[in-house]
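As structure tokens, the structure follows; a few thoughts come after it.
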Amino acid sequence: MPATRRPRASLYVRLSRASDETNLSLAGMERDLRALADRLGANVAAVHVDDGLSGGIRNRPAFREWLTDAHERRADILAAWSIDRMTREGVSGGGADILDTIEATGVRLVDTQGTDSTTPGFRLGFVVKAEVAREELQAMRRRSRARSERAAAAGQWSAGVAPYGYRIVRVDGRPTLTIVKAEADVILDAARRVIVGEPVARIVRDLNTSRVLPRSAKHWTSTSLMRVLTGNTVRGHATFRGELLRDADGMPRDLWPAILTPDVAAQVTAWLAPKPGRGRPVGARANARLLSGLLRCATCGRVLRASSNNGVARYACSAPQDQCAGRASVNAAKAERWAETELLDDFMPLMFTETVPTIDDSAVKLAQLDEAIAAALGELATAATPEVFARLQALQARRAEVEAEPATAPKFVTRSTGRTIGEEFERRDIPGRRDLIAKHLNLLHIELRPATWPHEPVADRLTPLYQVMGEDDEMHEYRADEAGSAAR
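Set out below in structure tokens:
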């Protein structure tokens, strides 16, 4: 007589990691379900696990696979630890999918809490328990929202993991943020480099190359760095439900130490804001070599273009054949080697400094007031209370006072980076090195004359032209062969 086939059971386990569910564990639930399958005389055909997903999500991957086991006849029994592990959507969501699956396939549904689809009154009991699970989820969400609202009102950090540049500490039992110096230094250095005009992509490349990486990602991207630099957290501020937390006067609340001061933050935001016309025209080629745009033909004054012939790169006069008698050209590698040695040699040991523009305090105040006024107007549109209207009037009056203050001329601050020019040169990419040569040496361009005899040394044909401040406080042009040391 043939042996009776044991039924096959498909197990479903879910844990959302909510604070109300810390008494459960995936391993514990699976152990209970395997024991249940053994009591029913069933073999475990599959175990499906949704780890960290709420029961309020309908299309959970493992949940869908669990139901598919029944539809495709891979299981005779569907087992879960309890109905609230199956779904918290109520009978109109995931509960309906479960009931439809049972009716369409005839599969048996059980859980460790006594639910069994083969018993009388199962459907009514299932509907009640599914709706209770739905109400429990709504209650958990209300409690979580209330905790967040209380934390926000008290100025606490309630957004989970601390952002880059900070760590969570407790002050009087309440969570807040304190600065992590090493990470704050990275943010400050990136902000300074943005302010002096360095492309974000170059800063990102330097960070990734030097293995100064974010906490939760394998590398920096332009987007992730800009999000840190322009976020409210590094300014000492926080948001709740997308709105900036403000004090009674409508100004942003200072909740923890700021990494970026208001003037630096304003400059970073201004530099990173989209600007019309930024970027190369479509189809335009980037200047890929060190001296691109810096070399000029001594005969006609036109820019020399970089090109390659049979694998040998050269800079050559861009003038048409009949418009320049000399048409100077030079081996690119030799010209660049000259620039890195003879041109920069005297400067390599010097300390590298950067000039950073500062923003007048009144400009920072106006920007903050404009933001506060816009927020107050938004509140008036939804709730025109006397308190909001009074705050708006006070903000507008304060703005008028600041606007009436005398304007001050832009100031520039020169800061030492702690690196030599040689060290700065090594850490930059090719466009960055070209900028360093041009800006830090006050270089206008470099003239190249045609060779007067074969194999004439490149150094004899190249003449740097500098821009130097004269005694009359005006900028003047100096040729290195006429006033070389003075130009430097």
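End of the sequence shown = 568 in this note's numbering, gap-free, step of one.
Idealized CB from N, CA, C, for every residue including glycine.
From the listed residues A415, N123, T167, A456, the smallest Cα separation to V93 is found for T167. Judged by beta-carbon spacing, L325 lies within the 8 Å limit of R333, meaning their Cβ atoms are closer than that value. Taking a 10 Å sphere around the C-beta of T181, we find 16 or more other C-beta atoms and assign the residue as buried. In terms of Cα proximity to G194, the closest of L524, R479, E536, R119 is R119. Residue environment for F469: exposed (fewer than 16 other C-beta atoms within 10 angstroms of its C-beta). When DSSP states are grouped into helix, strand and coil, L133 belongs to the coil group.
Around the beta carbon of A107, a 10 Å sphere encloses fewer than 16 other beta carbons of the protein chains shown; the residue is thus reported as exposed. About 21 Å separates the CB atoms of V266 and T256; that is not less than 8 Å, and the two are not in contact. Contact between I339 and A242 does not hold, since the beta-carbon distance rounds to 13 Å and is not under 8 Å. The Cβ-Cβ distance between L305 and H299 does not fall below 8 Å. Under a 10 Å Cβ-count criterion, Q473 is classified as exposed, with fewer than 16 other Cβ atoms of the shown protein chains found around its own Cβ. Per DSSP, I339 lies in no beta strand (DSSP E) and is assigned neither H nor E. Bridge partners of C397 according to DSSP: L384. P200 is not bridged by DSSP to any residue. Per DSSP, D515 has no beta-bridge partner at all.
Excluding its 5 nearest sequence neighbours in each direction, L104 has C-beta neighbours in its own chain below 7 Å: L95, listed in chain order. Comparing alpha carbon positions, the residue from L217, V190, G186 closest to G205 is V190.
In the structure shown, R221 falls within a helical segment according to DSSP collapsed to helix, strand and coil. The three-state secondary structure of M166, taken from DSSP, is helix. Residues L446 of the same chain have their beta carbon placed closer than 7 Å to that of E483, with the five preceding and five following residues left out of the count.
Look at V276 here: in three-state DSSP terms it is coil, with no helix or strand label.
The C-alpha of E216 is placed about 35 Å away from the C-alpha of D327.
The beta carbon of P87 lies closer than 6 Å to those of A122, D156, I157 in the same chain, with the five residues before and after it left out. Separation of D402 and R394 (C-alpha to C-alpha, rounded to the nearest whole angstrom) is 20 Å.
If you draw a 10 Å sphere on the C-beta of Q218, you find fewer than 16 other C-beta atoms in it, and that means exposed. A direct Cα-Cα distance of roughly 37 Å separates T465 from Y246.
Around the beta carbon of V251, fewer than 16 other beta carbons lie within 10 angstroms, which makes this residue exposed.
In terms of Cβ geometry, A419 and L370 form a close pair [threshold 8 Å].
I178 has no beta-bridge partner at all, per DSSP. In the structure shown, H151 falls within a helical segment according to DSSP collapsed to helix, strand and coil.
For R94, the enclosing beta strand (DSSP E) starts and ends at 88-95. For the set P400, A297, T289, R272, the Cα lying nearest the Cα of L352 is the one of R272. A distance below 8 Å between beta-carbons, with the five flanking residues on each side excluded, links R499 to the following residues of its chain, in chain order: M431, F432, R507.
A399 is not a Cβ neighbour of P530, given a cutoff of 8 Å. L524 and Y546 have their alpha carbons spaced roughly 5 Å apart. One thing to note: L528 has its Cβ within 8 Å of the Cβ of V410.
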